[in-house]
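Peer 1: Protein sequences, first through last, are from chains A and B. For the first sequence, my numbering gives the first residue as 1, with consecutive numbering after it. For the second sequence, my numbering gives the first residue as 1001, with consecutive numbering after it. All C-beta atoms, glycine included, are put in the ideal place defined by N, C-alpha and C. If you're wondering where the values come from, they're calculated on a predicted model, not measured in any experiment.
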Amino acid sequence: MGVHQIVERGLAMVPEGRRLFAGMTVQEHLDLGAFTPRARAVRPASLARVHALFPFLHERRRHVVRSLSGGQQQMVAIGRALMSNPRLLMLDEPSLGIAPRLVRTILTALAEINRAGVAVLLVEQNVQAALTLAHRAYVLESGRITAEGPSAALLSDAHVRRAYLGPLATRA
Amino acid sequence: MSALAQQIVLGILIGGLYGLAAAGLSLVFGVLKVLNVAHGELIMLGGYAAFWAVALLGMDPFGSLVLVVPLSLLAGVVLYGALFGFVVRANEETREKNSLLIGFGLALVLHALAVRLWTADERSIVTPYGGAVITVAGLSIPVVRLLSLVIAFAVIGGLQLLLTHWRWGKAIRATAEDWQAALLTGIDVRRAYLLAFAMGTGLAGTAGVLVSVGYSVSPSIGLEWTLKALIVVVLAGLGSMIGTFVGGILLGVAEALSAAAFGGPYREVVGLVIFVVVLCARPRGLFGR
């Protein structure tokens, strides 16, 4: 099965480093996001949803993505993935190299996407943020799962707190 | 002075064809990362197709585009399926090397085939309006060549519109920028490759028609045109079709100027000098990203 067929079946991925098409505009990214037949059929609805989620993408629709900041580009990448109308959205390190304020915007958006009925699989080094956001979490160390369970349980797990959340979090 | 101006006018006229020849090469290289060194031979075949359409079917030379363009698009599909479709499965470095080998092989085969079928003679299309000349401010402009320039510009403009507005045109540009990201976006990248290659062959066919109408065609013109196209691609850079067209005209004018300054035999040298200078000074080309 080709990758485009996997996308057609409802799996979308936001790759690490965003991987945008540098010379193309914000709107062109969203147009391309709805490339598969299933996505094209609901394109206007998807576009409205993405614009509601990130109004920025509407304001800057004619801008070439090269001119945007890292966080803004991440919104384009997520918007592009959402335009394929996915059932499962996978994100690889969406907070990497992005201003903290925009990290919050993006994580809030992910929660909203999830509430709208899209399953979200997030790979994230920002453990505090990931655990606050997710329903269920897995801790990977050197490629092995060393802890798993409901996020709330992991947040209070002594090992996880010591290893990932730092001494301040342990004392709190 | 007016002799120089006349040379420059002729340089602009042939430069448009350089631009058109380069557009196909640039599209294929930019999207597939495959350097098709048989591009000039495809132009040669387009030229012969036009020649025979005029000689055997009595078509108008420019009218033969209606026949030659679909044929060359089809030839592109066949060539991609038979030869280049295998190359694009390799990683990018292997792609470039293997595509060079395949391209040279294809060029040799097509050249030999053309000699065998149509002899090594130079042929040009004779038309009733072939000798017509417009005189503007003391400069004579051959009508056929002017028409060729206009057609070349229209084709490049149309191509630019396709790439910016057509769904698959955007997909082709996305594939050129980052094929893996294009895959993740749901684009069938193989299909984008096929389309880009066929369009590249179609552009070569179109250029071939215009070459045989305004100039002449023989089995050996292939290498010459591949070289011109390559120089223009290096000069203009990848990513803009209009830029490529302008690059072609710049090369045509530069050749005319050097022929005027140093004499006819040095006409070809200036292109190669430009090639080296641009690679040293601005490897991305004048309009490249």
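What residue range does the alpha helix (DSSP H) around residue 1148/B cover?
Peer 2: Taken as a continuous stretch (DSSP letters only), the alpha helix (DSSP H) holding residue 1148/B covers 1143-1165.
Peer 1: Going along chain A in order, which residues have a C-beta closer than 9 Å to the C-beta of residue 1228/B?
Peer 2: Chain A residues near residue 1228/B: none, gap ~26 Å exceeds 9 Å.
Peer 1: Exposed or buried, residue 125/A, counting other C-beta atoms within 10 Å across all chains shown (16 or more means buried)?
Peer 2: The residue in question, residue 125/A, is exposed, as its Cβ has fewer than 16 Cβ neighbours within 10 Å.
Peer 1: Between residue 1021/B and residue 1228/B, is the Cβ-Cβ spacing less than 8 Å?
Peer 2: Contact: yes.
Peer 1: When you compare only the Cα positions, how much space is there between residue 45/A and residue 97/A?
Peer 2: So the alpha carbons of these two residues sit roughly 31 Å apart.
Peer 1: Name, please, each residue of chain A whose Cβ falls closer than 8 Å to the Cβ of residue 1187/B.
Peer 2: Those are 4, 32 and 35, listed as they occur along chain A.
Peer 1: Taking only the alpha-carbon atoms, compute the straight-line gap between residue 2/A and residue 1188/B and give it to the nearest angstrom.
Peer 2: The alpha-carbon atoms of residue 2/A and residue 1188/B are separated by roughly 8 Å.
Peer 1: On the CB-based measure, 16 or more other CB atoms within 10 Å of its CB, does residue 171/A come out buried or exposed?
Peer 2: Summary for residue 171/A: the model assigns pLDDT 45, below 50, so the residue's position carries little reliability; its value from the coordinates is reported in the next sentence. With fewer than 16 other Cβ atoms within 10 Å, it is exposed.
Peer 1: Rank 1152/B, 1131/B and 1151/B by C-alpha distance to the C-alpha of residue 1143/B and give the top, closest one.
Peer 2: Taking only the C-alpha atoms, the option nearest residue 1143/B is 1131/B.
Peer 1: Measuring straight from C-alpha to C-alpha, what distance separates residue 1053/B and residue 47/A?
Peer 2: So the two alpha carbons sit approximately 49 Å from each other.
Peer 1: Hey, how far is the Cα of residue 62/A from the Cα of residue 1179/B?
Peer 2: Their Cα atoms are separated by approximately 23 Å.
Peer 1: Can you name the start and end residues of the beta strand (DSSP E) that residue 92/A belongs to?
Peer 2: Start and end: 88-92.
Peer 1: Could you give the DSSP three-state label for residue 1273/B: helix, strand or coil?
Peer 2: Helix, per DSSP.
Peer 1: For residue 120/A versus residue 110/A, is the C-beta distance shorter than 8 Å?
Peer 2: Taking 8 Å as the Cβ cut-off, residue 120/A and residue 110/A qualify as a contacting pair.
Peer 1: Taking C-beta pairs closer than 8 Å, name the residues in chain A that residue 1170/B reaches, listed in chain order.
Peer 2: Going along chain A in sequence order, the residues near residue 1170/B (Cβ under 8 Å) are 24, 28, 31 and 32.
Peer 1: Looking at the unbroken beta strand (DSSP E) that takes in residue 138/A, where does it start and where does it end?
Peer 2: Start and end: 136-141.
Peer 1: Could you give the first and the last residue of the continuous beta strand (DSSP E) run that contains residue 13/A?
Peer 2: Per DSSP, residue 13/A belongs to the beta strand (DSSP E) from 11-14.
Peer 1: Name, going along the chain, the residues of the segment 1229-1260 of chain B whose beta-carbon falls closer than 7 Å to a beta-carbon of chain A.
Peer 2: Listed in sequence order: 1239.
Peer 1: Would you mind telling me which residues of chain B sit closer than 8 Å to residue 8/A, beta carbon to beta carbon, in chain order?
Peer 2: 1186, listed in chain order.
Peer 1: Opposite residue 1123/B in the DSSP bridges: which residues?
Peer 2: Its beta-bridge partners are 1217/B.
Peer 1: Candidates 1174/B, 1050/B, 1024/B and 1186/B: which alpha carbon is nearest residue 1202/B's?
Peer 2: Comparing Cα positions, the closest option is 1024/B.
Peer 1: With the cut-off set at 8 Å, would you say residue 1222/B and residue 1040/B are in Cβ contact?
Peer 2: Taking 8 Å as the Cβ cut-off, residue 1222/B and residue 1040/B qualify as a contacting pair.
Peer 1: Determine the contact status of residue 1207/B and residue 1031/B, defining contact as a CB-CB distance below 8 Å.
Peer 2: No, they are not a contact pair.
Peer 1: Would you say the segment 1060-1077 of chain B touches the segment 1245-1262 of chain B, given that touching needs at least three Cβ pairs under 8 Å?
Peer 2: No, they do not touch.
Peer 1: Is the CB of residue 94/A under 8 Å away from at least one CB in chain B?
Peer 2: No, residue 94/A lies away from the interface with chain B (no Cβ there is under 8 Å from its Cβ).
Peer 1: State yes or no: is the beta carbon of residue 1183/B nearer than 8 Å to at least one beta carbon in chain A?
Peer 2: Residue 1183/B counts as touching chain A.
Peer 1: Mapping the DSSP letters down to three states, classify residue 160/A as helix, strand or coil.
Peer 2: The answer is helix: DSSP assigns residue 160/A an H, G or I state.
Peer 1: Assuming contact is defined by CB atoms lying nearer than 8 Å, are residue 1235/B and residue 1251/B in contact in what I supplied?
Peer 2: Yes, the Cβ-Cβ distance between residue 1235/B and residue 1251/B is below 8 Å.
Peer 1: Going by Cα to Cα distance, which pick from 1200/B, 1275/B, 1258/B and 1196/B is closest to residue 1046/B?
Peer 2: Considering only alpha carbons, the answer is 1200/B.
Peer 1: Of the choices 84/A, 29/A, 53/A and 21/A, whose alpha-carbon is the least far from that of residue 39/A?
Peer 2: Residue 39/A has its Cα closest to that of 84/A, out of 84/A, 29/A, 53/A and 21/A.
Peer 1: Where does residue 171/A fall in DSSP's three states?
Peer 2: Low confidence applies here, because residue 171/A scores a pLDDT of 45, under 50, leaving its location unreliable; read the following figure in that light. Three-state DSSP puts residue 171/A in a helix.
Peer 1: What is the DSSP secondary structure of residue 1187/B, counted as helix, strand or coil?
Peer 2: Coil at residue 1187/B, not helix or strand.
Peer 1: Where residue 1049/B and residue 1123/B are concerned, what is the direct C-alpha to C-alpha distance, given to the nearest angstrom?
Peer 2: Spanning the two alpha carbons is a distance of roughly 12 Å.
Peer 1: As a quick exercise: from 1264/B, 1260/B, 1225/B and 1280/B, pick the residue whose alpha carbon is nearest that of residue 1015/B.
Peer 2: For the residues 1264/B, 1260/B, 1225/B and 1280/B, the minimum Cα distance to residue 1015/B belongs to 1225/B.
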